[in-house]
Each structure stands twice: as structure tokens, then as C-alpha cells.
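A quick write-up on the structure given underneath.
Numbering (full-length UniProt numbering), first residue to last: 1 to 1121.
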């Protein structure tokens, strides 16, 4: 959709986002994600890799199937180049200060004296009394009677690692982060230290000793502990220099000091994911003790041993492949925009994991043992190939074992990408739900990148795709129960993560195909002072479960289980569901275990299932504390919960009406087509089409009737309009003859516009259904076009013809096609109808409905379903509504068209043609006085069918501003958002507000009632108030009277007030002349001839008095701001 320009675009990110999501959405939160496995330090001495890259053979070129050309297009390449230039920090600007700080830290750490071995109680006491510093021991804390001692010796080496050393950092609103590893010497460890947390206790003591040394030596240093990637086994030290006014905020940085284990000291075979390293006390000294594996614990220790090995791997990859670094940058941006990071709470996959996986795929992972990626790939090819690998490869069912022929992976619920030479599962911090989300994102992105019609660069790299309310359909807030004491675990598992995994497993099994995706937002960890005992934790912690519905199955009332004959599966089903499971016989004779849920809305059924599962598997107390977010949006709609049925009833009535029309045999001409053109008949009206036998549909549903061509029609537009009256009268007579219960009424319109349609026929059915019939005659277009081209006719006459032709094409040609397409897609996407209604409600509440057509709003909304990237099509009104507002807030309508591809047949040439048309319009009308918004589709490539008569630039700008304010509220408040606040508008921006009194017009919502039932039965169908809209008529009259002086704003359904803005041009004093377009009054005398010439101004008080007089009792008061 983007025009062919290389406009500079910034990544969407913030550092102060208060959204309780898994990660604050910024492009570079910190470099801790890289440190867990580190990358090459440019100053470090390199050893040759174990398997140096060899020259690729011809067979290896088969991996080229993972990417097409070097880049998707030349424009895409320009956009990528611009993006990479935008996100790279200025290393030269920061290098001097960082190098000086790193040397200072290195010298101080190397100067810390060795310490004698101490028992654990003595070490804790020493640090507490002498240094006022705590030792960040992980849980469970070490026992006081441990047989081993803690000691400190000078490090065997200090290196800078991570993105800073490799040159793959990106700009961030947070201070730049540099990772420094401190290699602990072998002398402080024993061979058995890999067991039962002994290594991690000694690591914590070593870190506390460094903290004490730095705290004593460098007074300007602020020190805090932090968990590396949220792993409680990996506390690190964060060093920040205290604020200095001389230092530019953009030059600030922090250093993460990370203890590293000596490589090769611990036997690699004992640290494999299939081994156990946490033993019960009675088996602590028995290596043969049978126990479950401890993959997380072992991988955490292995990662500490392999910093420099990964440094070498990534540095060599950057030298082997020219596109490697930029591919890592693209991967980093892609992950961050989707909320991923190396921290456990962010999904366990960040820049390091992406870089390491890419580097290993440059050496293997392909067919017949060859590399999956070619070193000759461009950065985009390499990025896309990795995305495709993540999308197509299930690393849970089929683990990737790189150079690990002697390793047999055990069954696991987490993905395994096992790096044999280093003995690490790169993805060990991922969870089942974060991996499922990663693959889903990869599949969506791959579809985006394969789109050859529309430019998906912004959706891939720019748009923040992790805003929880925009992405998901429902969010469940579930409290984390307290951890039970005394439970032994064979692996190091954080209680919150363990609980989250169990919740995920239960809900996935129970909800089955009702949902497409279930993600659990982890709890973030934060730094804590070195004097405190540990990271502060909230006792009332909760998990946010984000759910993506499957619209086709979410509202199902009956779930079918296994057949009664399958005893094993039936028993399992009964055990899982308990008393809810019951045997039922179905019409086909089958007897199945079944579940029956209470009828209701989508959310009520979903809430019932989740609440029941929580109560059964986690207890009644926890189920009572659940809270659900998401249903509040649909509740704003009128008659919430019954919309689909109401639209279907009207559609059935329309089918009967069409049959009645087609059954008429006495018409002068053969019927060609009957076309619905009303929002009520395409399921997109704000209000539901409610009618009953004694209550007609208030707003008749518009219908077009078209006859076969005939030379009997007059050869004059005005005469054709008059002939239509006779046709409509004849249709009314025939309908009444065929069914005496049908009532018809002829109406006249556009009396002052003789070239436009002048008549319609209202058809009333006893059921209450009402249709408004107009005749479409193709001859009108030919005659109007001839009149437009007639150079000898008057300008006024040609202008009237241009206006009539525009309205003709919009109403008679485009609107039937539009109605058919919207109706079709409302069937295809069940949530499209409520989403359109919700978006229209938003425009209505913000008093923009009189300027922006229903059809334009529908195009804006349906685009979110047909081109949903970077997400899938919305599966709730909430996500559809918020994504539509997001699109409006970002839509640069000055230079970018709205393009809707209804049937997926558009080509890039079609898109280019539409862009060219918009450019031509902007050249012809640079002031955008006629066409402001350009909305094109398959049916209308001109882009002006529904925007030719508005909105103006001012209204379009207000639409954008309101959408941006709404999106900011969604982003800032997130789960605390009050849904109603998005629909509340302020009238302070208007110069005056006309407050209306609906009671004075007889349109207030008062239900007619009869004292006696028999009178109600005998009452006839009332048609007097059908399409009776005095408030709208009053508003239209004001618009016509003060067109050049005032701009009025009102809603379509909320007719309680009309806002007004004075035209700034009328506020300028000017000289008096006859036939001024507005009431004027003389100004007070001023000095100077020029001032005396401009001696009249608009008389605002007189105009407001006129408005009040015109409105009469309808105007309760006029509020002037």
C-alpha cells in the first residue's frame, strides 16, 4: 500500500511503556540477552574453529530454496538499508568513554586480593558486617553445614562480549549496555561442584566479592544485582556511573559484569540435558542415583562455560558471511517488535539465540548434512531463511542436533536446538507457549514476505506487533498460588514458570480447537541493590494469559469426546473433566463422552470453560479470583449478543421481497437485477434492524432495481427521472395486487437537483420489514457524460452534471458491488460485522459520522481483515477495532492510498496504477480541496467513489488525531484500559455546541403500550414515523444554510448535540458588499485607510440566534466556548 518513496521511518518503541506485557517494547532493552552466550571480542585472541568452513559444493545450492533473489525488490532493499542505518548506534562517538570505563573496571577487578576459603556461614557474616553487601545465592539457599568452602582468586581473564564487541547493537532509549565476562579460575572449584547448586553458590560468592571491591574502590559507581535473562541461577552485577551533567544522555552506558565458568573443567557428558545434577540429600554422593534429568540446570551451567566458544563461533560467522551481521540486526528487530527477548519472561529467544542459530545453520542443518544457509546470502535472504526454518521446523517433535551423533534427545515440551561442540541447547530458556508463539509469528511473517502485491516492510520490521489488546482476543488474569515448602525438584524450576506451564497444558487440552493460540506473559525481574537480600517480588503475583480465538469453534455449545467403546480414552476424558463429562447419544447413533455448555455470548462460553477447568485442576479459590478482559468492547454495541440473528431475519425478509418482485409478470420491462445497497443488508449498521408485526423497521433498507435495456426510455435525464415515478407506482400496484397485506408509499427526493434520482418506493410488509426501492437506469450515465463533455453548455449546468454523474456512479454502480463484497466477507469473517459496527460507533461518538461515509468506514475496517499483517485476521471485535484505529492513526492519507483487495486478485501493477492516480490527484489539486482521502478497491480503482464529497482536510486530520489519542491510551493503559473512555469525546474543541432535545421531536425512546391486550392485537402497522428523522433534517438544513461559514459535527445515532466551528476565513474583517454569505455587523472605527475599508465582520451572536429560532423546541440550549 505504501507509495514508491524511501520515506524515513522510525521503529515503534518506547522505554517507559507501562503495559504489563512480557517485555517493555523497545528496540534494545539491554544487552543481557547476548551475554548468556556472548559473542566475539574484537581484541581477543582467536583459535581456529574445530570445523573450519569448507568451500561449498554444487549440492549445497539446494538450500537456495529458502530464499528468492538477493532482496524482495529494489525498493525493499532501499528500505532495509535505510532501516539498518537508522538503528545502528554511533560507535565512534561512544567508544572513548566506554573504553576508559572498561579499563577502569578491569584494573580494579584484577587488583582485588585473593581470599581464603570460608565456610558459608562465615562468608555471609563477613560480607554482611564488613561490606554491608549480600551474596546473591539462588534458591534454594545453601545449608550452613555444607562440606565445601567459598573462596576468591584473581580471574583468569576478562573480556568484553556481546553485541558491542560484534558490532550488532541497535539504538535504544535506554543506556547502551556493554557485557564484560570475568573468567573464574579453576582453583575455586572442585569436580563435583556441578552437583546440587555448588557451582552457582560459589559463582554468587565470586560476584559478591567483585561487587565489594568495586564498591570500595570506585565511589562514583552505582552497583546493582540483576538476573541475567531472568534466570535466577545467573545473578550478574550492573555497573552504572552516576549522572554527570557534562555527559550527553545519548552517550550514557552501563556495564554488565558476568562471572564465567572455566571451559572444560566440568565433564561435558555430565551436563547434557538428559543427565541429572540435582540429587536428593541421601543420594548426593552417588553418581548412579536414578533421577529425572535436569535440563534447565545443566544448560545454565553449560552456558556459563561457553562464552568464549560462542565468541569465536559468531566472530567467524561474521567473517565468513558478509550478510551475517545485518541478518542478525534484522532478526533482532523482528524479535523485538514481536516482544521476544532472551529473558525467560520475554520468551527465551533474543538476539544471541538468533545469531547463534544463524551461525550454526551456516555450518549445518541442511539436507545430507550440508549447511542450510549459504555464506553468499544477502542479509535479507539469510533473515528470511531463518524465519522459514523456524516456521517449518518443529524442534519439539524433531530436535535439531548439530554435530552430536552420540547424543539422544529425551522427550521434552521445550524446543531443542542442541549445539554438540559446546553441549548447549540454545533454546533452553524457551517455554512451550513461547515456542508456539514464535512459530506462529514466523509463519505469519513468511506469508507477509511472500506477498508480491503489497509492500510488507512496515508490517515486518516497523509495527509493534506485541500490544496485547491489539493482538489477542481475551486476556485472563490468574493469580499465582503460593509455593509449597519442602517439595524436591530434580531440575531448577521457578515456581511461576512451573505454574504457567501447568496452566498452559490444562487449558490447551481443555479448549482444544476453540483457540488458535495461548500465550502466557511471564513476570519480569528487576535489578536490586547489592545491600538487599534478593530481587523484590510481589506476593500477589499474577499471570496474564493471552488467548487468540478460533471464530469457527469458540462458540460451540457441545464438545464431543471419545466413544464409550474406547474405555482407556473415555476414562482419561472423565478424569480430566470430572462431573462435567456425560455420555450422550447423537442422531447418527453414536454414543460419545460429551460436554454441554450454557448458551450465551462467545465470551460467556469461553469464561465458563476456563473457570470450570481452573476450579477442577487448581481449586475453587483460584477460580473465583480469575478476571477476564475483552468482552467490554462488544458490550458497547446496541443489543449486544443478538446482532447476527437480527441481520439474518432482515436478510430473509429481503429474499422474500426479491421473490415477490421477480414473480410480478405485468411489468413493462424485464427485470434484470435487484441489488441490496443498505448497511442493514450487509450486516454493518450501528443499530440492529429490529422490526415486528406492529413495529416497522425505522429506517427502510435501500434496494436498487434494474431492468433490461430498452429504447423506450426518454433521451433526457430529467425525463428519465419523471418516468421512474410511473414505474414505481406501477410496481406498488402490482405488489398490492399480489399480496393485499403489503403497503407501499411513494416518496420524492432531490427536488432541487433535477438531474439526480427524484423518486423512491417504500414497501411495508406486515412482518414490519421495510424496503426503499429505487430504479437504476444505465442510460443516465451516457446522457450525463455527454452533458459533462458539452463545451457549449453553461458552467453551472456542467457542474450539476458532474455532481449527478459522481453520485450516480457511487450509488448505482459501486454501492451494489461494495454491499455484495462486505456481505460476503461478513460471512467469511464472523467478527467483521461487529467490528465494523464498533468502528462506526467510534466515529459516531466522536461526531464525525456526518463527514465520513459508512462505506469508507467499512473499507477501513475490512482492510484489517484482508490485509491483517503483522497479525492474522482479527478473531474478536476488540482486536479488529483496535487494529483499525491503529491503521487510521498511522495512515498518511496525504501521500498513501487506502487499497482494499476484496478477492485477492490485485497485482503489483494494479497497486502501482492506484498510487499513480493518487499522485496525479495531488498534482491537480495540491490543496486537497475536493478529494482528501483516496480509497480504492477491486471495484473502484478511481479511489473517489466514497470520498468525492468529503471529508475535508480538517475532518481527516481530526480523525487521525483522535485515532492516535486512542492508540496512545491503549498503549499506556493496556490491561487497565477503560473501554468506554475510547468512545468519550470532548466538545471543548468546538466554538459552540447546540444541545438538542429529542423529546420535542417525538423520537425519544418511549415504548408504545396499550392498557388492554386486545387493543394491542387489533392495532395496525404504523408507518407514519418510518424514516422520520427531524434532528438529521435540522442538521442538514444548517449545513446547507451556513456551508461557507460554519462546519458542523454530529453523530448518526447520538443526536443529542451538534458541534460547530467557525470558518477561519469568515473571522477576518472585510469590506461590506451586497449578498455576503453570512450575517455581518460593522466594526468599531479604526485608524488607517486600510482598516477603515475592512469594517465588517461576521455576526456570530446573530447567526446563533437564527439557529436557535430555526430549531425551535428541538434546541434546548447553545453552549458557546
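C-beta: ideal position from N, C-alpha, C; glycine also.
All figures in this text were calculated on a predicted structure; none of them were measured in a lab.
Query, Result
"So who's on the other strand from residue 680, going by DSSP bridges?", "Paired residues: none, contrary to the question."
"If you compare alpha carbons, which of 580, 206, 188 is closest to residue 134?", "206"
"Look at the alpha carbon of residue 179 and the alpha carbon of residue 261, and state the distance between them as a whole number of angstroms.", "15 angstroms"
"For the alpha helix (DSSP H) containing residue 178, list its first residue and its last residue.", "Looking at the DSSP string, residue 178 is not in any alpha helix (DSSP H); the run it does join, the beta strand (DSSP E), is 176-183."
"Please go through the same chain and pick out, in chain order, the residues whose beta-carbon is closer than 6 angstroms to the beta-carbon of residue 1012, but skip the five residues on each side of it.", "Interpretation of residue 1012 is limited by its pLDDT of 47, a score under 50 that renders its predicted location unreliable; no figure is taken from the coordinates."
"Just to confirm, are residue 850 and residue 900 a CB contact at a threshold of 7 angstroms?", "no"
"Within the same chain, show all residues whose beta-carbon is closer than 7 angstroms to that of residue 200, passing over the 5 residues directly before and after it, in chain order.", "138, 233"
"Please report the distance separating the alpha-carbon of residue 957 from that of residue 1104.", "26 angstroms"
"Name the two residues that bound the continuous beta strand (DSSP E) containing residue 386.", "No beta strand (DSSP E) contains residue 386, which is instead part of the alpha helix (DSSP H) from 379-392."
"Any contact between the stretch 656-671 and the stretch 904-924? By contact I mean 3 or more CB pairs, one from each, below 8 angstroms.", "no"
"Looking at residue 523: is its Cβ nearer than 7 angstroms to the Cβ of residue 546?", "no"
"Sorted by chain position, which residues of the same chain lie with C-beta nearer than 7 angstroms to residue 350's C-beta, five sequence neighbours on each side aside?", "33, 335, 340, 341, 342"
"Check the DSSP bridge columns for residue 1057 and list the partner residues they point to.", "995"
"Throw me the rounded Cβ distance for the residue 760 and residue 768 pair, which I believe falls under 8 angstroms.", "Not a contact, Cβ separation roughly 19 angstroms."
"With distances taken Cα to Cα, identify the nearest neighbour of residue 1044 among 745, 1067, 979, 891.", "1067"
"Using DSSP with H/G/I as helix, E/B as strand and the rest coil, what is residue 534?", "coil"
"Starting from residue 521, follow the beta strand (DSSP E) in both directions and report where the run begins and ends.", "515-521"
"Under 8 angstroms by Cβ, that's how I've got residue 861 and residue 884 pegged, so tell me the actual separation to the nearest angstrom.", "5 angstroms"
"Let me know the beta strand (DSSP E) ranges lying completely inside the UniProt domain \"Nrap protein\" (829-984), each 3 residues or longer, listed in chain order.", "898-900, 935-937"
"Report the partner residues of residue 654 according to the DSSP bridge assignment.", "Note: residue 654 sits in no beta bridge, so no partner."
"Checking 7 angstroms against the spacing of the C-beta atoms, do residue 679 and residue 772 come in under that value?", "no"
"Counting along the chain, where does the alpha helix (DSSP H) carrying residue 85 start and finish?", "74-87"
"In whole angstroms, what separates the C-alpha of residue 392 from that of residue 443?", "8 angstroms"
"With burial defined as no fewer than 16 other Cβ atoms inside 10 Å of the residue's Cβ, what is the status of residue 591: buried or exposed?", "exposed"
"Exposed or buried, what is residue 468 when buried is set at 16 or more other beta-carbons lying within 10 Å of its beta-carbon?", "buried"
"Buried or exposed for residue 655, going by 16 or more other Cβ atoms inside 10 Å?", "exposed"
"Using the rule of at least 16 other Cβ atoms within 10 Å of the residue's Cβ for burial, across every protein chain shown, is residue 959 buried or exposed?", "buried"
"Which residues in the same chain as residue 607 place their Cβ atom closer than 7 angstroms to its Cβ, once the five residues preceding and following it in sequence are excluded?", "628"
"On the premise that residue 465 lies in contact with residue 119, defined as a C-beta separation below 8 angstroms, what is that separation, rounded to the nearest angstrom?", "Not quite, the Cβ-Cβ distance comes to about 52 angstroms (not below 8 angstroms), so this is no contact."
"Compute the distance between the beta-carbons of residue 970 and residue 962, then report whether it is under 7 angstroms.", "no"
"Output the residue ranges of the beta strand (DSSP E) runs that lie fully inside the stretch 761-795 and measure 3 residues or longer, sorted by chain position.", "770-776"
"So, does the stretch 373-392 touch the stretch 354-362, judging by three or more C-beta pairs under 8 angstroms?", "yes"
"Under 8 angstroms, with one C-beta from each stretch per pair, do the stretch 220-237 and the stretch 293-311 reach the 3-pair mark?", "yes"
"Could you say which of 683, 541, 318, 723 lies nearest to residue 1149 if we only look at CA atoms?", "No answer is possible for residue 1149: it lies beyond the span of the chain, which begins at 1 and ends at 1121."
"Compute the Euclidean distance between the alpha carbons of residue 1031 and residue 848, then round it to the nearest angstrom.", "16 angstroms"
"Between the beta-carbon of residue 933 and the beta-carbon of residue 947, is there less than 7 angstroms?", "yes"
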